[in-house]
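Protein chains in written order, with the working numbering: chain A, 1 to 286; chain B, 1001 to 1321.
Printed below as a string of structure tokens:
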């Protein structure tokens, strides 16, 4: 097979995987300490895209600043949402899941009423293409991959090296023991939920110029994020990274050798196989 | 460049063979069902469909109504969102038939590939790739990489809706495609340029944009478009025009059949010639779809030039040459 084609398909998979990872990291982070499966996570991604559209197209603010602003705005929104909607159900999987479903529909409908159904585009920040050994890659996609790697490494450092990261890991390990050691559970949960939402918003901002923005864009990345965290292991950050790269590559090559619908099926086949043979995922705890 | 005549249209009227019609008794109201995508990626199609149908219904009602023998009926459009899914379409159709008791439904058609592929082959083209994707897809790079590997000279993205179509052209441009660009259901050059950018949109040939105010527009099209613009602040396009025509066709067929009986109206439709915004129209499509229920009428082909829609030609279906 043509090497250029293989390289192109691999690069496509890498780009897909990176975006999936950033969305999945937030989702798995929230699950790891709150035991909440947040169906409204896709809406945080969508809100990020929306902020990017308004700030970029209406107010012409520099894009890197928009990225920071969107993360702060959606992160704060996440903190409010956590306090009023998820805190009463912390640790209770089913009620929290139903709340998140309701929240997802509410945010989507409110956005629909205010934003309309039309697809809105965000002007590209890095126009032009890069020819890498015959394979083509747009500069904006390359920028996304680099930014995503920065996010992944920053989150890793935050979780592994910082005091707050230590508290997050402690809560994920054993909430009661962490509380006994003086960790403020409410504050850390609030921060982590906000951080997870901010990561989803960052993915939304990054992807907005590549695709388009409308109230429905959050559904697909959320679905992919679920596949990734089941594959990588619920609550595992390393699992989300590895799972995202696997899914991106599988989908990209699946489309090449099969078709788009068949390639989309592969993700679900992976979920079934993982649940059958290794329910905890690649890096999850039993 | 060879031009492909789009001899069939994406719209059809489905007749519902209900035996009774309690709604009509004494009320003289003709409920006309409409189901189309009014939310999600193809929402603009559905909303425009509704506007076009309502405009014609209003004109008919203002002119007195539909004459059925000695009776006169006022048209009432009942519209539902079908979410652009098969299940949404079934739900909408069930509501229209069983709750609203409509006899006639205006909707949006698909399955264009049945016509596109044989037409391309008959014109001497070799079809090197035929690919489908799930609605809601945004990253077409994997799919387009596969198509590009076949080194096509021409790509037709067929029935892709506005937003997804825009992304396909954008990503094809990024992948280096510089061949002939066709978009059977392309209907809005301005929206395309907004999503895909000026370079990627250049020379995209579309068959649904219409030209209701331009050089190829008929007097009827210009008149209807003026009214539409006064009402909605924008000119008519192919979608609104097709819905307008669908209601008009129904009025003509019912008046000619002198009956609301669906079988009689259908039989009349299959044989008659219609007036449409674009000129004369007939029913056809039997060879492709096995049933003579596609409305055929002239279309204006447009191309994006310098970021703007430019009419290229007005083409008539072979059946009414």
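C-beta atoms are modelled at their ideal positions from N, C-alpha and C, and glycine is treated no differently.
Self-check item: Same chain only: Cβ atoms within 8 Å of residue 1209 of chain B, ignoring 5 sequence neighbours per side
Solution: 1186, 1187, 1188, 1189, 1237, 1238, 1300, 1302, 1309
Exercise. Going by CA-CA distance only, name the one from A:147, A:253, A:96, A:133 that's closest to residue 30 of chain A.
Key: A:96
Quiz item: Is the region 166-177 of chain A in contact with the region 19-37 of chain A, if contact means three or more CB pairs nearer than 8 Å?
Solution: yes
Quiz item: Can you pull the DSSP bridge partners for residue 1034 of chain B?
Solution: B:1079, B:1106
Quiz prompt | For residue 244 of chain A and residue 1061 of chain B, the rounded distance between their alpha carbons | solution = 58 Å
Quiz item: How is residue 1182 of chain B classed by DSSP in three states: helix, strand or coil?
Solution: strand
Quiz item: Given residue 1225 of chain B, which residues of its chain have a CB within under 6 Å of its CB, disregarding the five upstream and five downstream residues?
Solution: 1212, 1213, 1235, 1236
Quiz item: Based on the DSSP secondary-structure assignment, which residues constitute the bridge partners of residue 130 of chain A?
Solution: A:137
Quiz item: From the beta carbon of residue 255 of chain A, is the nearest beta carbon of chain B less than 8 Å away?
Solution: yes
Quiz item: Sorted by chain position, which residues of the same chain lie with C-beta nearer than 7 Å to residue 43 of chain A's C-beta, five sequence neighbours on each side aside?
Solution: 104, 107, 108, 218
Exercise. Check each residue of the region 1135-1159 of chain B: if its Cβ is closer than 8 Å to any Cβ of chain A, include it; give the result in chain order.
Key: 1136, 1137, 1138, 1139, 1141, 1142, 1143, 1145, 1146, 1149
Quiz item: residue 1207 of chain B: which of B:1099, B:1164, B:1051, B:1184 sits nearest, CA to CA?
Solution: B:1184
Quiz item: Would the region 221-230 of chain A and the region 131-144 of chain A be scored as touching if the rule is three or more Cβ pairs under 8 Å?
Solution: no
Exercise. Check whether the Cβ atoms of residue 198 of chain A and residue 78 of chain A lie closer than 8 Å to each other.
Key: yes
Quiz item: Using a Cβ cut-off of 8 Å, which residues of the region 255-285 of chain A contact any Cβ in chain B, in chain order?
Solution: 255, 256, 259, 260, 261, 263, 264
Quiz item: Do residue 1071 of chain B and residue 1116 of chain B come within 8 Å of each other at the CB atom, strictly closer than that value?
Solution: no
Quiz prompt | Short CB-CB distance (under 8 Å) between residue 34 of chain A and chain B | solution = no
Quiz item: Which word fits residue 226 of chain A, buried or exposed, when buried means at least 16 other C-beta atoms lie within 10 angstroms of its C-beta?
Solution: buried
Exercise. Using the DSSP secondary-structure output, state which residues sit across from residue 1310 of chain B in a beta bridge.
Key: B:1303
Practice problem: Taking all protein chains shown into account, decide if residue 138 of chain A is buried (16 or more other Cβ within 10 angstroms of its Cβ) or exposed. | Solution: buried
Exercise. Closer than 8 Å, Cβ to Cβ, to anything on chain B: give me those residues from the region 212-231 of chain A, in chain order.
Key: 212, 214, 216, 217, 219, 220
Quiz item: Is any beta-carbon of chain A found at less than 8 Å from that of residue 1133 of chain B?
Solution: yes
Quiz item: What separation, rounded to the nearest whole angstrom, lies between the Cα atoms of residue 259 of chain A and residue 1094 of chain B?
Solution: 33 Å
Quiz item: With a cut-off of 8 Å, does the C-beta of residue 1163 of chain B fall near any C-beta of chain A?
Solution: yes
Exercise. Look at the Cβ atom of residue 99 of chain A, then the Cβ atom of residue 205 of chain A, and state whether they are nearer than 8 Å.
Key: no
Self-check item: residue 200 of chain A beta carbon less than 8 Å from that of residue 23 of chain A
Solution: yes
Quiz item: Does the beta-carbon of residue 12 of chain A have 16 or more other beta-carbons within 10 angstroms, so that it is buried, or is it exposed?
Solution: buried
Practice problem: Keeping to the same chain, check which residues put their C-beta closer than 6 Å to that of residue 158 of chain A; ignore five residues upstream and five downstream. | Solution: 165
Quiz item: What are the start and end residues of the alpha helix (DSSP H) that includes residue 1191 of chain B?
Solution: 1189-1196
Quiz prompt | Neighbourhood of residue 1160 of chain B by C-beta distance below 8 Å, restricted to the same chain and skipping five residues each side | solution = 1168, 1183, 1185
Practice problem: Measuring alpha carbon to alpha carbon, tell me which of B:1203, B:1166, B:1176, B:1037 ends up nearest residue 1090 of chain B. | Solution: B:1037
Self-check item: Proximal chain D residues relative to residue 1167 of chain B, where beta-carbon distance stays under 7 Å
Solution: Looking for chain D here will not work: the only protein chains present are A and B.
Practice problem: Give, in chain order, every unbroken run of the alpha helix (DSSP H) that is at least 4 residues long and sits entirely within the region 1158-1182 of chain B. | Solution: 1162-1174
Practice problem: Taking only the alpha-carbon atoms, compute the straight-line gap between residue 128 of chain A and residue 73 of chain A and give it to the nearest angstrom. | Solution: 30 Å
Exercise. Put residue 20 of chain A into one of helix, strand or coil per three-state DSSP.
Key: helix
Self-check item: Residues of its chain near residue 118 of chain A, where Cβ-Cβ distance is below 8 Å and the 5 sequence neighbours each way are ignored
Solution: 214
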